[in-house]
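All residue numbers in the sequence shown are consecutive under our numbering, ending with 51. Using N, Cα and C, we set each Cβ at its ideal position, and we do this for glycine too. All figures in this text were calculated on a predicted structure; none of them were measured in a lab. Notes for the one structure printed next.
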Amino acid sequence: MSRKDPQFNLRLPEELKEWVEQNSKENCRSQTAEIVFWLTAAKKRQEQAAA
């Protein structure tokens, strides 16, 4: 990701934060990359369901 990408703060329940942290380690990604991966996948599923 580019440093020019928009940023925002996100509050997560502790359990969800730990889940993101664990999955990002398992997938050798940063926590940001892990969240972007899952959001992108969810967006694609939603777009396919709407088509």
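Note the first and the last residue of the continuous alpha helix (DSSP H) segment covering residue i.
i: Lys17; result: Glu14 to Glu26
For the candidate residues the options, whose alpha-carbon lies nearest to that of residue i?
i: Gln7; options: Ile35, Lys43, Glu47 and Lys44; result: Ile35
i: Asp5; options: Lys43, Glu47, Glu18 and Ala33; result: Ala33
i: Leu10; options: Ser2, Ala50 and Val20; result: Val20
Can you tell me whether DSSP reads residue i as helix, strand or coil?
i: Ala42; result: helix
i: Phe37; result: helix
i: Gln7; result: coil
i: Ala49; result: helix
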